[in-house]
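Asker: Sharing a structure with you now.
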Amino acid sequence: MKNKLMHLSNETMNLSFVKKVEALSGSSVRRCFQCGKCSAGCPMSAFMEHPPNRVVRLLQLGQGERVLAGRSIWYCASCETCTTRCPNKVDLAAIMDALRKLSWDADGPSKESYVQLANRLFIENIRTYGRQYELRLGAAFNMKSGQFLKDLMLGPKLLSKGKLKMFHSKNKNIAEIEGIFRRIEEMRKKGEAL
Amino acid sequence: MTAHKKHLNYSFYPGCSLHASGREYDISTRAAFKALNVGLKEVPEWFCCGATPAHNVDELLSLSLCAKNLSLAEKVEGDLAVACAACFSRLKTTQHHLKQDDNKRKLVEIAIDGPTPLGKPVKHILEILARDLGLPHLEESVKKPLAGLKVACYYGCLLTRPPGVPELDDCEDPRIMEDILRALGAEPVQWSHRMECCGANFTLSRPGVVLMLSGAILESAQLAGADCIMVACPLCHSNLDVRQQGIEEKSSSAYDTPIFYITQLVALAMGVPSDKLGFESVIVDPRPLLKQKTLL
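Sequence order for the protein chains is A and B. Everything in the first sequence is counted per the working numbering, starting at 6 for the first residue and increasing by one. Everything in the second sequence is counted per the working numbering, starting at -2 for the first residue and increasing by one.
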C-alpha cells in the first residue's frame, strides 16, 4: 500500500475521517504546513513507516486508512515532543491518541499487535485488580504473544529484589472501577461517549 | 541551622509502580519527607491512573480513572503530592481538560457517577522540594552534602511536556532538578539527553526500543562524565536500571551507571541512614560509588 501511486479524487479521499480525528483530538490537522519539526524530534520515527509529519499529511489528503493499516501510530511513545515543538500548535500527540482510538474501536487491521496486546492486558489489569499487577502483566504478555522465554532471567531477579510481588490484593472498592468501565460501555452503546 | 517555621502537609498518590517495581522510590520519598518534617498521608484505596495505555486508546477511560482518584484525594487534607512522572502527567492532564471542556466533564461525571472536584493542586515532589519547602531551606537542612557526586539529571518526557499542562518548569530547558541537586551539594553535569524518551512502556511490548533509546541516554551520561543518573519516574528508572545489563550486552559497552531516585539523594543528604533507602532493591548497586565518594 505504501509504495502504490496515490490518486486523489473525491472517491479516494476520506475527509470525514479527518473531521472525526479533529473532533476527538481537539486539534487541527489542516494547520500543519509540513515543516517536519515533529519528525525531527520524534524518538520513535526510526521505527515508523510514516513519521509524524507524514501521518498528518496523509490525513490531510484523506488517507486515514493507510495510516491505520500501518504500525506508526502504535510506535508513538506519547512523549509529547511533537506537540511541544509544533510552530502551528498542532497537537500531534492528541492526534495519535485519536487515531489509536479509532483503530482500536474499529478493531481494524494494523501491523503492530504486540503494543495493542500490552495495552489490552494493562487495561484488563485495572478492571480486575484496580491497580497494576506487574507479574501478571508480564506473564500474560509472554503467554499471549507466544514469547515464552522473553525476559525469563529478569523475573526471578526482580522477585528477589522485592520489585515484583507474587500476590496481589484487590482494592476494597473494586466495584467502583467496574462501575466506571460499565457506564462508559453503556454511554458508547448509546453513542453518547467520546 | 534555622528551624522551619511552617509545617507542610500533603495528601499522597503513590501510584502502582511505587507499590511494586519502584518500591525504593516510595520508601525514599517517605524517608526524605520525614527527614524534612513534611507530612505525607496516602490517599486511601486509590486506583491505577490508567497511565499511557489508557489514554492511548480510550481518553474517556483515562480521564475517568484520574477524576476518580482526584475525588478520592479530596478525603485527605493538603495538596496532592505525586512522585511518579506518569501519574503526575495524567492527573494534571485530566484537571487541564476537564477545566476547559464542559462536555468531557459531563461525560466523566456520568462515568464516575459523582462530581469531579478539580480544585486541589496536584504537585510533583520536585516542586514541593524546590518551591513549597524552598531551595534555601533545603540547603540549610543538609546534614551530609553530596560533595563530589557528578549527577546527570534526567527529566524524560512527562514531567515538563506538553506546554501548559504539567506546568512544572520550562518544557525544553527545565532547571528544577539541577537546582535541587546543587542545594544538596552535588554537581549536576551538562549533557545532551536529559529530555529524551527512555522508551517508556515499550519495555513490555517491544523491549528492543528501550534498549536503543535508554542505551543512548546511558551513553550520553557517560560521555558527560556523570557518576550516576538521577530520575523522578519509576518507568525511566526501570528502563535505565533493570535493562542496563541488556543494553550493555547488546552494545558491547560497560556503563555500570547507578540510577538514583531524586528522593534517595535528598534523603541521603538529610542524613537518613543508607539502609533505609531501598538501595538493596536496585539492580546496578549504587553503594560502591557512594563509598568511593565517602558518602556511605
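Note that beta-carbon positions come from the ideal geometry of N, C-alpha and C, so glycine has one too. Bear in mind that the values here come from a model prediction, so they are computed numbers and not experimental data.
Rounded to a whole number of angstroms, what is the C-alpha to C-alpha distance between M148 of chain A and L126 of chain A?
Answerer: Here residue 148 of chain A is taken as the residue at index 143 of the first sequence, counted from 1. Here residue 126 of chain A is taken as the residue at index 121 of the first sequence, counted from 1. Rounded to the nearest angstrom, the two C-alpha atoms are 11 Å apart.
Asker: Using only CA atoms, which one of B:M227, B:D166, B:N236, B:L286 lies nearest to F257 of chain B?
Answerer: Counting from one through the second sequence, the residue named residue 257 of chain B turns up at place 260. The shortest Cα separation from F257 of chain B among B:M227, B:D166, B:N236, B:L286 belongs to B:M227.
Asker: Would you mind telling me which residues of chain A sit closer than 7 Å to P160 of chain B, beta carbon to beta carbon, in chain order?
Answerer: Residue 160 of chain B sits at position 163 when you count from the first residue of the second sequence. Per Cβ cutoff of 7 Å: T89.
Asker: Take G19 of chain B as the anchor and find which of B:L33, B:P41, B:G47, B:A80 has the nearest alpha-carbon.
Answerer: Numbered from 1 along the second sequence, position 22 holds the residue referred to as residue 19 of chain B. The candidate whose alpha carbon is nearest that of G19 of chain B is B:A80.
Asker: Rounded to the nearest angstrom, what separates S202 of chain B and G143 of chain A at their Cα positions?
Answerer: Along the second sequence, read from residue 1 onward, the residue named residue 202 of chain B stands at position 205. Along the first sequence, read from residue 1 onward, the residue named residue 143 of chain A stands at position 138. Distance between the alpha carbons of S202 of chain B and G143 of chain A: 9 Å.
Asker: For the alpha helix (DSSP H) holding N66 of chain B, just list the boundary residues, first then last.
Answerer: As a working mapping, residue 66 of chain B is identified with position 69 in the second sequence. First-last of the alpha helix (DSSP H) with N66 of chain B: 56 to 70.
Asker: Report the CB separation of L181 of chain B from L262 of chain B in whole angstroms; it is logged as a contact under 8 Å.
Answerer: Reading the second sequence from its first residue, position 184 is the one you call residue 181 of chain B. Reading the second sequence from its first residue, position 265 is the one you call residue 262 of chain B. L181 of chain B to L262 of chain B, Cβ: 6 Å. Contact.
Asker: Chain B beta carbons: is any one of them nearer than 8 Å to that of A137 of chain A?
Answerer: Here residue 137 of chain A refers to the residue found at position 132 when the first sequence is read from its first residue. Note that residue 137 of chain A is Gln in the sequence shown here, rather than Ala. Yes - at least one Cβ of chain B is within 8 Å of the one on Q137 of chain A.
Asker: Which stretch, first to last residue, makes up the beta strand (DSSP E) that contains E39 of chain B?
Answerer: Walking along the second sequence from the start, residue 39 of chain B turns up at place 42. It spans 36 to 39 - the beta strand (DSSP E) in which E39 of chain B sits, taken as one unbroken run.
Asker: Taking the beta strand (DSSP E) that N6 of chain B falls in, what are its first and last residues?
Answerer: The residue given as residue 6 of chain B occupies position 9 in the second sequence. Taken as a continuous stretch (DSSP letters only), the beta strand (DSSP E) holding N6 of chain B covers 6 to 10.
Asker: So if I threshold CB-CB distances at 8 Å, which residues from the stretch 130 to 151 of chain B count as touching chain A?
Answerer: The stretch 130 to 151 of chain B vs chain A, Cβ under 8 Å: nothing.
Asker: Keeping to the same chain, check which residues put their C-beta closer than 8 Å to that of L57 of chain B; ignore five residues upstream and five downstream.
Answerer: As a working note, residue 57 of chain B is residue 60 in the second sequence. K101, L104, V105, A108.
Asker: Give the DSSP-derived three-state secondary structure of E74 of chain B in the structure shown.
Answerer: By 1-based counting over the second sequence, the position of residue 74 of chain B is 77. Looking at E74 of chain B - three-state DSSP - the assignment turns out to be coil, as it is neither helix nor strand.
Asker: Since I believe L20 of chain A is in contact with G67 of chain A (beta carbons under 8 Å), could you give me their beta-carbon distance rounded to a whole number of angstroms?
Answerer: Your numbering for residue 67 of chain A matches position 62 in the first sequence. Your numbering for residue 20 of chain A matches position 15 in the first sequence. 5 Å between Cβ atoms; contact.
Asker: Within 8 Å (strictly less), CB to CB, does K166 of chain A reach chain B?
Answerer: Counting from one through the first sequence, the residue named residue 166 of chain A turns up at place 161. Output row for K166 of chain A: interface = yes.
Asker: What does a CB cutoff of less than 8 Å around L178 of chain B pick up in its chain, not counting 5 residues either side in sequence?
Answerer: Here residue 178 of chain B refers to the residue found at position 181 when the second sequence is read from its first residue. For L178 of chain B, where only same-chain residues beyond five positions count, the Cβ hits under 8 Å are L143, V148, C150, E184, P185, M227, L262.
Asker: Going by alpha carbons, who is nearest to L293 of chain B out of B:V279, B:V269, B:K247?
Answerer: The sequence position of residue 293 of chain B within the second sequence is 296, counting from 1. Of the listed residues, the one whose Cα sits closest to L293 of chain B is B:V269.
Asker: Which class does Y80 of chain A belong to by DSSP, given the choice of helix, strand or coil?
Answerer: Sequence index remark: in the first sequence, residue 80 of chain A carries index 75 (1-based). In the structure shown, Y80 of chain A sits in a helix (DSSP, three-state: H, G or I).
Asker: Pull up the CB-CB distance for A99 of chain A and S30 of chain A, whole angstroms please, since I reckon it's below 8 Å.
Answerer: Looking up residue 99 of chain A in the first sequence gives position 94. Looking up residue 30 of chain A in the first sequence gives position 25. Indeed, because the Cβ distance is near 4 Å, the residues count as touching under 8 Å.
Asker: So C63 of chain B packs on G47 of chain B, CB below 8 Å; how close in whole Å?
Answerer: For the purposes of this step, residue 63 of chain B is taken as residue 66 along the second sequence, with counting starting at 1. For the purposes of this step, residue 47 of chain B is taken as residue 50 along the second sequence, with counting starting at 1. About 7 Å separates the two Cβ atoms, so the contact holds.
Asker: Please name the residue or residues paired with F38 of chain A in a DSSP beta bridge.
Answerer: Residue mapping note: residue 38 of chain A aligns to position 33 of the first sequence, counting from 1. DSSP, once it has assigned bridges, lists no residue as partnering F38 of chain A.
Asker: Looking only at its own chain, which residues have a Cβ that is under 7 Å from the Cβ of C47 of chain A, when we skip the five neighbours before and after it?
Answerer: Within the first sequence, numbered from 1, the residue matching residue 47 of chain A stands at position 42. Here the set comprises P56, P57, T86, C87.
Asker: For K38 of chain B, which residues in the same chain have their Cβ closer than 8 Å to its Cβ, ignoring the five residues on either side in sequence?
Answerer: Reading the second sequence from its first residue, position 41 is the one you call residue 38 of chain B. N6, Y7, S8, F9, V73, E74, G75, listed in sequence order.
Asker: Any idea what DSSP makes of K290 of chain B, helix, strand or coil?
Answerer: The count along the second sequence starts at 1 and reaches residue 290 of chain B at position 293. Coil, per DSSP.
Asker: Since P48 of chain A meets chain B, which of its residues come closer than 7 Å, beta carbon to beta carbon?
Answerer: Residue numbering aside, residue 48 of chain A sits at position 43 when the first sequence is read from its first letter. Correct list: E193, C194, L210.
Asker: Do E139 of chain A and A17 of chain B have their beta-carbon atoms positioned less than 8 Å apart in this structure?
Answerer: Indexing the second sequence from 1 puts residue 17 of chain B at position 20. Indexing the first sequence from 1 puts residue 139 of chain A at position 134. Taking 8 Å as the Cβ cut-off, A17 of chain B and E139 of chain A qualify as a contacting pair.
Asker: Could you tell me the alpha carbon to alpha carbon distance between E21 of chain B and Y119 of chain A, rounded to whole angstroms?
Answerer: In the second sequence, the residue the question calls residue 21 of chain B occupies position 24. In the first sequence, the residue the question calls residue 119 of chain A occupies position 114. Their backbone Cα atoms lie some 29 Å apart in a straight line.
Asker: For V26 of chain A and E117 of chain A, I'd like the C-alpha separation in whole angstroms.
Answerer: To locate residue 26 of chain A, count along the first sequence from 1; it is residue 21. To locate residue 117 of chain A, count along the first sequence from 1; it is residue 112. So the two alpha carbons sit approximately 20 Å from each other.
Asker: Looking only at its chain, what residues have a beta carbon closer than 8 Å to the beta carbon of V162 of chain B, apart from the 5 residues adjacent to it on each side?
Answerer: Counting from one through the second sequence, the residue named residue 162 of chain B turns up at place 165. Hits under 8 Å: S86, K89, T90, H93.
Asker: Quick check on F38 of chain A: buried or exposed, where buried means 16 or more other Cβ atoms within 10 Å of its Cβ?
Answerer: Here residue 38 of chain A refers to the residue found at position 33 when the first sequence is read from its first residue. When all chains shown are included, F38 of chain A counts as exposed.
Asker: Tell me whether the beta-carbon of L107 of chain A lies closer than 8 Å to the beta-carbon of L63 of chain A.
Answerer: What you label residue 107 of chain A is simply residue 102 of the first sequence in a count that begins at 1. What you label residue 63 of chain A is simply residue 58 of the first sequence in a count that begins at 1. Contact flag unset, no.
Asker: When you compare each of B:E216, B:A197, B:L215 to V207 of chain B by their alpha carbons, which one comes out closest?
Answerer: Taking the second sequence and counting its residues from 1, the one referred to as residue 207 of chain B is at position 210. Taking only the C-alpha atoms, the option nearest V207 of chain B is B:A197.
Asker: If we define contact as Cβ-Cβ less than 8 Å, is F52 of chain A a contact residue for chain B?
Answerer: By one-based count along the first sequence, residue 52 of chain A stands at place 47. True, the Cβ-Cβ gap to chain B drops below 8 Å.
Asker: Quick one: measure Cβ to Cβ for C154 of chain B and C91 of chain A, integer angstroms, because I've assumed they're closer than 8 Å.
Answerer: Counting from one through the second sequence, the residue named residue 154 of chain B turns up at place 157. Counting from one through the first sequence, the residue named residue 91 of chain A turns up at place 86. Actually they do not touch by this definition, with Cβ atoms about 16 Å apart.
Asker: With DSSP run on the structure shown, which of helix, strand or coil describes H121 of chain B?
Answerer: One-based indexing of the second sequence puts residue 121 of chain B at position 124. Looking at H121 of chain B - three-state DSSP - the assignment turns out to be strand.
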